[in-house]
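Trainee: Below you will find the structure I want to go over with you.
Numbering (this note's numbering), first residue to last: 1 to 375.
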């Protein structure tokens with residue numbers, strides 16, 4: 001990932017802190033002037049001529065001098081291994097960029113979440129008071145999808161209930177998962193999710209539009225829902241009342257022209273009222289199993305099962321691959337955490353090796369991201 005120059009990063013952060021400059025105004029400024037540098041070098045008169053800017057916002061930009069807040073954020077980013085994703089950069093998530101109210105700057109901590117090429121992104125949201133019905137469905141769905149879609153990425157909001165269950169099920173089944181936060185990266189809410197958040201940083205990561213010192217605000221959680229919807233091809237609602245954050249996320253997804261899916265529930269039960277309403281009003285596809293989801297989204301499972309289960313003829317592993325094969329064969333079945341410690345390789349390198357070995361049919365991945373050799 002290309003390193004952002006300090007001066008450029010200062011301007012990117014500053015633009016998000018200026019009063020009355022929201023994502024859409026920031027986009028208008030960048031589109032009109034061409035670069036973040038040009039925004040801060042423009043005169044007040046030039047700024048006022050830009051549509052939707054006006055005298056007050058122009059004055060706020062020209063008069064912006066809160067360098068202390070910007071420097072504090074840069075220190076936090078550098079000291080904590082945070083990646084910044086700016087709207088005009090190539091590393092900004094492509095689907096989110098298409099949304100008119102997408103944040104111009106994101107803060108991310110974890111593994112590279114936005115690989116080149118097309119990946120299948122699925123957002124899963126729902127009530128904070130999940131029942132065993134919703135919990136079992138999420139676990140079953142991701143367990144069924146995991147073996148067939150190694151390009152799947154699961155997104156949610158790290159909240160209690162369905163969000164946390166979705167992240168946990170993804171981790172259990174070796175699926176990268178990203179938690180979108182409604183606050184800065186120097187805290188985790190709820191605190192009970194600190195452990196799962198730590199695990200997610202090794203198999204996905206944490207994403208927010210807020211600077212590190214931003215604390216909990218109900219409106220921030222509602223605003224982050226648009227990011228959850230915007231990142232993915234589809235949003236799946238698992239247990240939700242007619243009013244709630246999950247329904248806001250579904251509404252965002254519909255606004256962006258994305259697919260909405262919903263798990264039906266018992267008639268008259270409040271906890272499934274929102275899901276049933278989405279289905280009844282034809283705003284969501286009814287999903288009861290992995291096959292329903294695949295049909296709704298046009299996903300196709302690979303039919304060449306034999307090539308995935310039998311080693312390729314005349315395949316010669318590299319030295320690093322041979323070492324990983326030896327570890328797996330000796331300790332099989334071996335969990336990913338143990339394999340990381342034993343292989344002593346960067347996680348990105350190890351993931352690439354594992355993917356190659358699976359493709360060659362030398363190893364197989366079991367539920368819970370456990371590995372064994374095929375012979």
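C-beta atoms are modelled at their ideal positions from N, C-alpha and C, and glycine is treated no differently.
For the candidate residues 24, 43, 222, 329, whose alpha-carbon lies nearest to that of residue 59?
Mentor: Looking at the Cα atoms, 43 is the closest of the given residues.
Trainee: Please list the segments of the alpha helix (DSSP H) lying wholly inside the stretch 193 to 249, counting only runs of 4 or more residues, in order along the chain.
Mentor: Within the stretch 193 to 249, the complete alpha helix (DSSP H) runs of at least 4 residues are 194 to 200, 218 to 231.
Trainee: State buried or exposed for residue 205, treating a residue as buried only when at least 16 other CB atoms are found within 10 Å of its CB.
Mentor: Its Cβ being crowded by 16 or more others within 10 Å, residue 205 is buried.
Trainee: Taking the straight line between their C-alpha atoms, what separation do you get for residue 29 and residue 45?
Mentor: Straight-line Cα distance between these residues: approximately 13 Å.
Trainee: Can you tell me whether residue 99 is buried or exposed? The criterion is at least 16 other CB atoms within 10 Å of its CB, across all chains shown.
Mentor: Residue 99 is buried by the Cβ-count criterion.
Trainee: Would you call the CB atoms of residue 347 and residue 321 closer than 8 Å?
Mentor: It is not a contact, given that the beta carbons lie outside the stated cut-off.
Trainee: Within 10 angstroms of its Cβ, does residue 242 collect 16 or more other Cβ (buried), or is it exposed?
Mentor: Residue 242 comes out exposed.
Trainee: Between the Cα of residue 367 and the Cα atoms of 141, 193, 232, 222, which residue gives the shortest distance?
Mentor: For the residues 141, 193, 232, 222, the minimum Cα distance to residue 367 belongs to 141.
Trainee: CA-CA distance, residue 96 and residue 330?
Mentor: Rounded to whole angstroms, residue 96 to residue 330 spans 43 Å at the Cα level.
Trainee: What's the gap between the Cα of residue 299 and the Cα of residue 176?
Mentor: Cα to Cα, residue 299 sits roughly 18 Å from residue 176.
Trainee: Hey, would you say residue 125 sits closer than 8 Å to residue 255, going by beta carbons?
Mentor: The answer is no: Cβ separation not under 8 Å.
Trainee: From residue 91 to residue 226, what does the alpha carbon distance come to, in whole angstroms?
Mentor: Going from the Cα of residue 91 to the Cα of residue 226 covers about 19 Å.
Trainee: Can you name, in chain order, every residue of its own chain whose Cβ lies under 7 Å from the Cβ of residue 310, other than the five neighbours on each side?
Mentor: Only weak support exists for where residue 310 lies, its pLDDT of 46 falling under 50; the coordinates are left without a value.
Trainee: Looking at residue 260 and residue 224, is the spacing between their C-beta atoms short of 8 Å?
Mentor: No; because the gap between Cβ atoms is not below 8 Å, this pair is not in contact.
Trainee: When the Cα atoms are used, what is the spatial distance from residue 249 to residue 229?
Mentor: Distance between the alpha carbons of residue 249 and residue 229: 6 Å.
Trainee: Would you check if the distance between the CB atom of residue 200 and the CB atom of residue 222 is smaller than 8 Å?
Mentor: No; because the gap between Cβ atoms is not below 8 Å, this pair is not in contact.
Trainee: Return the chain-ordered list of same chain residues with a C-beta closer than 7 Å to the C-beta of residue 190, the five sequence neighbours on each side being excluded.
Mentor: So the list reads 160, once near-sequence residues are dropped.
Trainee: Comparing C-alpha positions only, which one of 134, 252, 318, 262 sits nearest to residue 293?
Mentor: Nearest option by C-alpha distance: 262.
Trainee: Between the stretch 55 to 74 and the stretch 15 to 22, do three or more beta carbon pairs fall short of 8 Å?
Mentor: Segments in contact, yes.
Trainee: Using CA coordinates, which residue listed in 14, 51, 16 is at the minimum distance from residue 32?
Mentor: Residue 32 has its Cα closest to that of 51, out of 14, 51, 16.
Trainee: Report the three-state DSSP secondary structure of residue 376 (helix, strand or coil).
Mentor: Coverage of the chain is limited to positions 1 through 375, which leaves residue 376 absent and any answer about it impossible.
Trainee: Taking Cβ to Cβ, would you say residue 138 is nearer than 8 Å to residue 158?
Mentor: Not closer than 8 Å, so no.
Trainee: For residue 453, which residues from the same chain have a beta carbon less than 8 Å from its beta carbon, with the 5 sequence-adjacent residues on both sides left out?
Mentor: This structure cannot speak to residue 453, because the chain is shown only from 1 to 375.
Trainee: I'd like the ranges of any alpha helix (DSSP H) spanning at least 4 consecutive residues and lying wholly in the stretch 20 to 73.
Mentor: Segments of the alpha helix (DSSP H) lying fully in the stretch 20 to 73: 23 to 33, 36 to 41, 44 to 48, 54 to 62.
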